[in-house]
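Chains as they are written, first to last, in numbering that gives the first Met the number 0: chain D, 0 to 302; chain Z, 0 to 357. Every residue gets a Cβ at the ideal spot worked out from N, C-alpha and C, and that includes glycine. Values in this document were obtained by computation on a predicted structure and should not be read as measured data. Okay, so here's the structure we're looking at.
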Amino acid sequence: MSPAEEAVLQRSDRNGWLLVAPALVVLGLAAILPLLVMLVYSFLAPGDFGNVKWEFSTDGWVSILFQRDIFDGTLSLADAHLTIFWRSLWLSTVTTLLAFLIGFPTAWFIATRPARQRPIWLFLVTLPFWTNLLIRTFAILEVIRSEGLINTALIRMGIIETPIQMLYTDGAVLLGMAYVYLPLMVLPLYAAIDRFDMRMLEAAYDLYASRWMALRRIVLPIVKPGVVAGSILVFVPSLGAYVTPRVLGGGKNMMIGNFIELQFGQGRNWPLGAALSMTLLIIVTIALLFYVRAANRPRSDHG
Amino acid sequence: MGVSVAGEVTISARNVVKAFGQGAGAVRALDDVSVDIRQGEFFTLLGPSGCGKTTLLRLIAGFEMPTEGTILLDGTDISTLPPNRRPVNTVFQSYALFPHLTVAQNVAFGLEMLGKPSSEIKARTSAMLALVKLEAMAGRKTSQLSGGQQQRVALARALAPQPKVLLLDEPLSALDLKLRKEMQIELKRLQLETGITFIFVTHDQEEALTMSDRIAVMSAGKIQQVGSAKEIYIHPRNRFVASFIGETNFLTGTAEAGALRLATGNRIEVPGLAPGGTATVCVRPEQLRLGRPEDGGITARVRSLVYFGTDTHCHLALSDGTEIVARLQSPASGEAGLTEGQEVGVTFAQGAVQRVED
Numbered sequence: 000m001s002p003a004e005e006a007v008l009q010r011s012d013r014n015g016w017l018l019v020a021p022a023l024v025v026l027g028l029a030a031i032l033p034l035l036v037m038l039v040y041s042f043l044a045p046g047d048f049g050n051v052k053w054e055f056s057t058d059g060w061v062s063i064l065f066q067r068d069i070f071d072g073t074l075s076l077a078d079a080h081l082t083i084f085w086r087s088l089w090l091s092t093v094t095t096l097l098a099f100l101i102g103f104p105t106a107w108f109i110a111t112r113p114a115r116q117r118p119i120w121l122f123l124v125t126l127p128f129w130t131n132l133l134i135r136t137f138a139i140l141e142v143i144r145s146e147g148l149i150n151t152a153l154i155r156m157g158i159i160e161t162p163i164q165m166l167y168t169d170g171a172v173l174l175g176m177a178y179v180y181l182p183l184m185v186l187p188l189y190a191a192i193d194r195f196d197m198r199m200l201e202a203a204y205d206l207y208a209s210r211w212m213a214l215r216r217i218v219l220p221i222v223k224p225g226v227v228a229g230s231i232l233v234f235v236p237s238l239g240a241y242v243t244p245r246v247l248g249g250g251k252n253m254m255i256g257n258f259i260e261l262q263f264g265q266g267r268n269w270p271l272g273a274a275l276s277m278t279l280l281i282i283v284t285i286a287l288l289f290y291v292r293a294a295n296r297p298r299s300d301h302g
Numbered sequence: 000m001g002v003s004v005a006g007e008v009t010i011s012a013r014n015v016v017k018a019f020g021q022g023a024g025a026v027r028a029l030d031d032v033s034v035d036i037r038q039g040e041f042f043t044l045l046g047p048s049g050c051g052k053t054t055l056l057r058l059i060a061g062f063e064m065p066t067e068g069t070i071l072l073d074g075t076d077i078s079t080l081p082p083n084r085r086p087v088n089t090v091f092q093s094y095a096l097f098p099h100l101t102v103a104q105n106v107a108f109g110l111e112m113l114g115k116p117s118s119e120i121k122a123r124t125s126a127m128l129a130l131v132k133l134e135a136m137a138g139r140k141t142s143q144l145s146g147g148q149q150q151r152v153a154l155a156r157a158l159a160p161q162p163k164v165l166l167l168d169e170p171l172s173a174l175d176l177k178l179r180k181e182m183q184i185e186l187k188r189l190q191l192e193t194g195i196t197f198i199f200v201t202h203d204q205e206e207a208l209t210m211s212d213r214i215a216v217m218s219a220g221k222i223q224q225v226g227s228a229k230e231i232y233i234h235p236r237n238r239f240v241a242s243f244i245g246e247t248n249f250l251t252g253t254a255e256a257g258a259l260r261l262a263t264g265n266r267i268e269v270p271g272l273a274p275g276g277t278a279t280v281c282v283r284p285e286q287l288r289l290g291r292p293e294d295g296g297i298t299a300r301v302r303s304l305v306y307f308g309t310d311t312h313c314h315l316a317l318s319d320g321t322e323i324v325a326r327l328q329s330p331a332s333g334e335a336g337l338t339e340g341q342e343v344g345v346t347f348a349q350g351a352v353q354r355v356e357d
């Protein structure tokens with residue numbers, strides 16, 4: 000290669016970096032810098048009125064799992080914290096499952112409508128996004144609270160005498176989260192099912208597959224990328240959900256998001272909040288790694 | 000070829016009607032179709048697109064239910080059974096191979112769904128792959144195969160469960176000409192080796208003529224004629240069949256006793272024709288003989304000559320303006336010994352004139 004050609008190549012290389020520079024700057028300022036701030040804060044000591052004291056401390060990280068006895072200073076496992084982590088994982092997993100169980104038939108229904116009707120159905124699915132999340136959550140609250148729509152109706156009809164406690168239960172949080180995140184499941188599933196060649200289904204039926212077997216052995220494996228995408232889109236925000244568990248779960252049924260908020264608010268323990276946020280990030284990353292690996296594992300060979 | 004090893008009736012369609020849509024806008028894709036397909040024969044449904052041949056195939060497969068009429072398999076009514084409960088398998092036009100499975104898994108799928116023991120599945124899958132000469136590809140994904148190989152996988156997959164009837168929906172239409180010829184021979188071999196009844200759908204008359212024991216020519220939702228390739232080519236029942244299968248010349252005139260009187264005044268012998276009204280006959284271009292006008296025959300003028308290699312097409316005009324074509328075997332010199340504008344006397348080979356209905 001001649002020196003002149005090399006110079007041209009180098010210049011185009013430099014120009015390439017210059018062109019992506021704005022994106023890199025935004026990414027650095029908006030995504031990586033806050034994470035670094037969070038990481039630094041998690042190793043500082045809590046200030047007396049919120050904020051942080053600039054002295055190195057691992058207390059934030061230690062108190063995620065342990066609590067220090069006020070009198071003798073011994074460490075013991077913080078059961079309450081573990082419960083919150085466990086509940087968050089469990090609720091997010093069930094939310095994802097619920098969203099899939101409702102979302103799959105919905106997406107299938109839309110994808111099998113005549114092409115002209117599909118945009119209308121898709122529009123209806125995304126319609127809830129047009130309203131504020133808080134308002135939608137309070138609407139659910141209005142439906143399920145003790146003096147709410149369902150209980151009032153059931154009492155008036157004489158089916159029950161005292162209201163059923165639905166609000167402030169894990170069930171209420173599940174209902175709320177499944178409702179809020181459902182479109183995030185439906186849209187990628189729709190995209191995958193839309194690409195699915197319906198003749199595959201005919202071929203499966205033709206080869207003696209029942210409806211269930213055709214779904215399990217042919218449809219689901221082929222639309223799997225949509226299932227994976229939808230599950231991630233529902234699971235990740237569910238794990239960090241804040242508004243829904245706060246409004247529908249009450250103070251007792253906390254999830255990680257509420258717990259973190261507590262540290263930055265009333266708890267006045269910013270380092271613990273920062274450490275919790277980092278922990279959430281780590282949990283999400285690990286969960287996704289496991290999920291993606293499990294989803295991509297080749298099916299065991301029968302043939 | 001053409002030897003029918005067929006015996007009893009396997010598939011029987013009785014007065015089948017299939018309408019799509021409702022009320023006045025309904026389209027009758029099949030209009031009162033009745034046909035018997037015999038055990039072990041290579042049966043072809045031939046017709047232009049939209050004639051209902053694929054609809055009839057889908058009714059036999061179970062993807063569609065008849066609006067009226069019944070479909071019998073070995074005497075049992077299967078009209079309302081879903082596809083997974085009919086001992087009938089399909090080779091799809093687009094193959095519809097499962098992209099997430101290997102070649103062997105594709106072939107094994109039907110056997111697995113039937114709940115066969117795994118030793119039997121293994122043995123039959125290998126046997127099927129050997130039958131279509133794809134043993135080496137067993138572990139490949141279907142997307143790694145060529146069109147012809149995918150076609151073979153589709154065949155092996157549909158044959159593996161040993162169906163009573165194999166349905167083939169224009170399976171060769173996606174292949175190039177050379178591969179198509181190879182697969183035609185291959186299909187015929189598979190049919191003879193397995194002894195399974197094949198119902199083959201195509202719009203390609205040559206494919207139909209060379210492969211089939213019997214052909215049903217379809218048009219506008221109806222079966223126009225059923226018969227062997229020779230029967231249909233030599234004795235077409237009506238104008239549609241005569242023009243759809245091969246090329247032909249139509250001559251219309253007044254019916255006399257045992258003959259047809261053309262507008263030119265010429266008389267053509269048509270045995271069995273009763274006098275009264277107009278009638279149409281057809282003659283294949285290769286059955287025309289050209290001689291000198293003074294030696295008799297119908298006088299015609301040569302309009303144009305088109306050289307096709309093995310033969311030469313001679314376009315002729317009769318004195319009343321009717322255009323006909325003669326196909327003459329090209330002599331060694333390539334010159335047919337005719338010139339444009341020349342007058343000739345046209346005669347027909349013995350038995351070549353066929354009466355057709357309109």
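Distance between beta carbons of residue j and residue i, contact taken as under 8 Å
i	j	result
L232 (chain D)	P270 (chain D)	Wrong, their Cβ atoms sit about 31 Å apart, outside the cutoff.
W107 (chain D)	I192 (chain D)	6 Å
V227 (chain D)	A286 (chain D)	About 13 Å separates the two Cβ atoms, so there is no contact after all.
Y189 (chain D)	G248 (chain D)	No, Y189 (chain D) and G248 (chain D) are not in contact; Cβ-Cβ is about 30 Å, not under 8 Å.
When the options are compared against residue i, the one with the closest alpha-carbon
i	options	result
E134 (chain Z)	Z:A155, Z:Q223, Z:G114	Z:A155
V93 (chain D)	D:Y178, D:L38, D:V246	D:Y178
Q286 (chain Z)	Z:R260, Z:E293, Z:Q353	Z:Q353
D175 (chain Z)	Z:I195, Z:H314, Z:T263, Z:G146	Z:G146
V51 (chain D)	D:I282, D:F263, D:A286	D:F263
G308 (chain Z)	Z:L315, Z:P330, Z:A316, Z:A228	Z:P330
E206 (chain Z)	Z:T193, Z:V106, Z:Q224, Z:L178	Z:L178
K223 (chain D)	Z:S117, Z:A351, Z:F62, Z:P98	Z:P98
S87 (chain D)	D:F289, D:I259, D:R292	D:I259
S218 (chain Z)	Z:P47, Z:I10, Z:G39, Z:G271	Z:P47
F195 (chain D)	D:L181, D:I109, D:Y180, D:G256	D:I109
F42 (chain D)	D:F48, D:G49, D:W53	D:W53
K132 (chain Z)	Z:P170, Z:L189, Z:K121	Z:L189
V164 (chain Z)	Z:H314, Z:V8, Z:V345	Z:V8
Rounded C-alpha distance that separates residue i from residue j
i	j	result
G1 (chain Z)	E230 (chain Z)	Residue placement at G1 (chain Z) is poorly supported in this model, since its pLDDT is 40, which falls under 50; the coordinates still yield a value, given next. The alpha-carbon atoms of G1 (chain Z) and E230 (chain Z) are separated by roughly 11 Å.
I414 (chain Z)	A12 (chain Z)	Since the displayed chain Z opens at 0 and closes at 357, residue 414 (chain Z) lies outside it and no answer follows.
N237 (chain Z)	G22 (chain Z)	31 Å
E119 (chain Z)	L130 (chain Z)	16 Å
M127 (chain Z)	S276 (chain D)	58 Å
S237 (chain D)	E111 (chain Z)	39 Å
E356 (chain Z)	V216 (chain Z)	15 Å
D300 (chain D)	D310 (chain Z)	Low per-residue confidence applies at D300 (chain D): pLDDT is 42, beneath 50, and the placement is therefore not dependable, though the value from the model is reported in the following sentence. Those two C-alpha atoms are separated by around 57 Å.
L113 (chain Z)	Y207 (chain D)	6 Å
G302 (chain D)	V16 (chain Z)	Caution is warranted here: a pLDDT of 36 is assigned to G302 (chain D), below 50, making its placement in the model unreliable, and the coordinate value is therefore given only provisionally. Their Cα atoms are separated by approximately 41 Å.
L183 (chain D)	Q204 (chain Z)	52 Å
I63 (chain D)	F289 (chain D)	23 Å
D220 (chain Z)	P220 (chain D)	Residue 220 (chain Z) is actually Gly in this sequence, not Asp. Near 38 Å, if we compare the C-alpha coordinates of P220 (chain D) and G220 (chain Z).
H80 (chain D)	L100 (chain Z)	45 Å
Q164 (chain D)	S145 (chain D)	6 Å
L56 (chain Z)	L166 (chain Z)	7 Å
L121 (chain D)	R216 (chain D)	27 Å
E141 (chain D)	F99 (chain D)	25 Å
E342 (chain Z)	T247 (chain Z)	21 Å
S1 (chain D)	L28 (chain D)	40 Å
**Prompt:** If we count Cβ pairs, one from each stretch, closer than 8 Å, do we get three or more for the region 205 to 225 of chain Z versus the region 34 to 43 of chain Z?
**Reply:** Taking 8 Å as the limit for Cβ pairs, the verdict is that the region 34 to 43 of chain Z does touch the region 205 to 225 of chain Z.
**Request:** Could you name the residues of the region 94 to 117 of chain D whose beta carbon sits closer than 9 Å to any beta carbon of chain Z, in the order they occur along the chain?
**Result:** Residues of the region 94 to 117 of chain D whose Cβ lies closer than 9 Å to any Cβ of chain Z: none.
**Asked** For the 8 Å Cβ check, are there 3 or more pairs between the region 81 to 90 of chain Z and the region 155 to 164 of chain Z?
**Response** In short, these stretches touch, since the Cβ pair count reaches three.
**Request:** Anything in the region 198 to 218 of chain D with a Cβ closer than 7 Å to a Cβ of chain Z? List those residues in chain order, please.
**Result:** Listed by position, the residues of the region 198 to 218 of chain D near chain Z (Cβ gap below 7 Å) are R198, M199, E201, A202, Y204, D205, L206, Y207, A208, S209, M212, I217.
**Prompt:** Relative to chain D, which residues along the region 14 to 43 of chain Z have a C-beta separation below 7 Å, given in chain order?
**Reply:** Residues of the region 14 to 43 of chain Z with a Cβ closer than 7 Å to any Cβ of chain D: none.
**Request:** Please confirm if the region 241 to 257 of chain D is in contact with the region 28 to 35 of chain D, defined as three or more CB-CB distances below 8 Å between the two stretches.
**Result:** The region 28 to 35 of chain D and the region 241 to 257 of chain D do not touch, with fewer than three beta-carbon pairs separated by less than 8 Å.
**Request:** Closer than 8 Å, Cβ to Cβ, to anything on chain D: give me those residues from the region 48 to 77 of chain Z, in chain order.
**Result:** The residues in question are A60, G61, F62.
**Prompt:** Which residues, in chain order, does the region 166 to 193 of chain D contribute to contact with chain Z at a C-beta distance below 9 Å?
**Reply:** So nothing in the stretch comes that close.
**Message:** Counting only Cβ-Cβ distances shorter than 9 Å, please list the residues of the region 34 to 67 of chain D near chain Z, keeping chain order.
**Reply:** Within the region 34 to 67 of chain D, no residue has a Cβ that lies closer than 9 Å to any Cβ of chain Z.
**Request:** Please determine if the region 76 to 85 of chain Z and the region 253 to 263 of chain Z are in contact, where contact requires at least 3 C-beta pairs separated by less than 8 Å.
**Result:** No contact exists between the region 76 to 85 of chain Z and the region 253 to 263 of chain Z.
**Message:** Tell me which residues of the region 181 to 201 of chain Z have at least one Cβ-Cβ distance to chain D shorter than 9 Å, keeping chain order.
**Reply:** So the list is empty, because no residue satisfies the distance condition.
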